[in-house]
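Residue numbers are given in our numbering: position 350 of the sequence shown equals residue 350, and the series is strictly consecutive. In this text, a Cβ means the ideal position worked out from N, Cα and C, and glycines have one as well. Take a look at the structure set out below.
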Amino acid sequence: MRRLFIILLIFGLFTGLACSVALASEVCYKCHDKKNFTGKFTHGPVSQGKCGDCHNPHVAKYPGLLQGEGAALCYSCHKRAKTEFAKGVVHQPVRDGKCLGCHAPHAAGHDGLLRKNLAETCFVCHQEMAKPQAVSHKPFAQGQCTVCHQPHQAKNDQLLKMEADALCLSCHQQAQGSAGHRGFPRKLSGCLSCHNPHGSSRKGLVRQHLHQPFAEKKCDSCHGAQHNTGSEACLRCHAGMKTTMMAPHNHMFAGTENGCILCHSPHAGDDKKMLKTSGNKVCQPCHQDTFSRYAQSQHRHPPVSSCSDCHEVHGSDRLAMLRDDGNQVCSRCHLTQGKFSHPVGDKVIDQRTGQMMTCVTCHDPMGSPHRYHLVLSAKKELCTQCHRSY
């Protein structure tokens, strides 16, 4: 009898718990249309009626009555992801904790709770990739971005699943002995220096703009024992760049085989300058800290469209490779001053450093949490750095 009582008690507890869960979600659905929480793919807590796993039914610190904020809430269950996504090259939305940029929190029509199909999800940010090309790489044409890229985190640049050449050869195993590669005297490497992995107007996915020696099939113009190596090979033709590249502040990093090809493709490129990537993205791999700080800043420098608006890309006599002296760089765009302006220039000395006061003494052009991208709050902290007697 006692055993029967215990069995009935346990059965009653589990039945009551199941009913309470079901009732909890049904209470929510009295106001929240259930259709909005159903789809081909449903988030586990939603399918189990556990709204309370993410939401507080009465009061919460966060919008939507959420139990936590942003990715922190997701990581409360996806603990392994939190550890993995902190390593290597991390996708910007993941770094910023914006899981909902790609994923729906309740239900979706696509695997992984993606808001749109895989390619459309990627194109929300990578809009330049959506432009149709005469020739497209098969995985790209099929919208299978994850054939080559990891969506969250990877060990390789561009979130590639493996090193670029190895990735290409995992499918194109006969590349070394086919088409234009026949008789190539060296081990095949640097696939991306000639080919665009997504699409091109040329056959074979060859990039749009060709380096003249490459276009004329004069490989020995650059390659061969009789030629210089590294950047010296480039400067044999581009002699006019040597003075700029050897300026006191330059991009010729010690210990690198060829500083030029850190930014430029030696064979073919998608723009006339044959940059490896478009626009500011070419700067990002080395200056990731600056890009991250700028992206996370509340107040940015919106008119600046390119790093080269302020910086010389090859070399400069000035610190930070600026195009002009600090204040002159700013005054090229900031032509007028307010009625009351703090003086700057040769005759104005920063008492803390003994150096000339410049625009960047008070402003951070790379972004700031304060208005007018000030380095400190203007209410008190900024001014009292120098004006302590006040």
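Three-way DSSP call (helix, strand, coil) for Val21 in this model:
Unreliable placement is indicated for Val21, whose pLDDT of 47 sits below 50; no coordinate value is reported for it.
According to DSSP, residues forming a beta bridge with Met274:
According to DSSP, which records beta bridges pairwise, Met274 is partnered with nothing at all.
Name the residue from Val304, Val313, Arg293 and Cys359 whose alpha carbon lies nearest to the alpha carbon of Cys283.
Val313
Measuring only from the beta carbon, is Thr83 closer than 7 Å to any heavy atom that is part of the ligand ZN?
No copy of the ligand ZN occurs in the structure displayed, which carries no ligand at all.
Tell me the DSSP secondary structure of Leu382 in three-state form.
helix
With a 10 Å radius around its C-beta and 16 neighbouring C-beta atoms as the bar for buried, classify Gln150 as buried or exposed.
buried
Assign Leu65 to one of three DSSP states: helix, strand, or coil.
helix
Ordered list of alpha helix (DSSP H) runs contained in the stretch 273-342, each at least 4 residues:
288-296 and 326-331
Assigned secondary structure, His55 (DSSP; H/G/I helix, E/B strand, else coil):
strand
For the beta strand (DSSP E) that contains Lys347, what are its first and last residues?
Gly345 to Ile349
For Asp53 and Thr15, the rounded distance between their alpha carbons
Because Thr15 carries a pLDDT of 43, less than 50, the predicted location of this residue cannot be relied on, and the following value inherits that uncertainty. Computed Cα separation, rounded: 20 Å.
Does DSSP put Asn36 in a helix, in a strand, or in coil?
helix
Residue ranges of each alpha helix (DSSP H) run of no fewer than 4 residues wholly in the stretch 199-257, ordered along the chain?
212-215, 231-235 and 242-245
Decide yes or no for the touch test of the stretch 326-345 against the stretch 269-289: beta carbon pairs closer than 8 Å, at least 3 of them.
no
Using CA atoms only, rank isn't needed, just tell me which of Val147, His172 and Cys260 is closest to Leu159.
Val147
Rounded to the nearest angstrom, what separates Leu382 and Cys362 at their Cα positions?
7 Å
Go ahead and pull the three-state DSSP assignment for Met356.
strand
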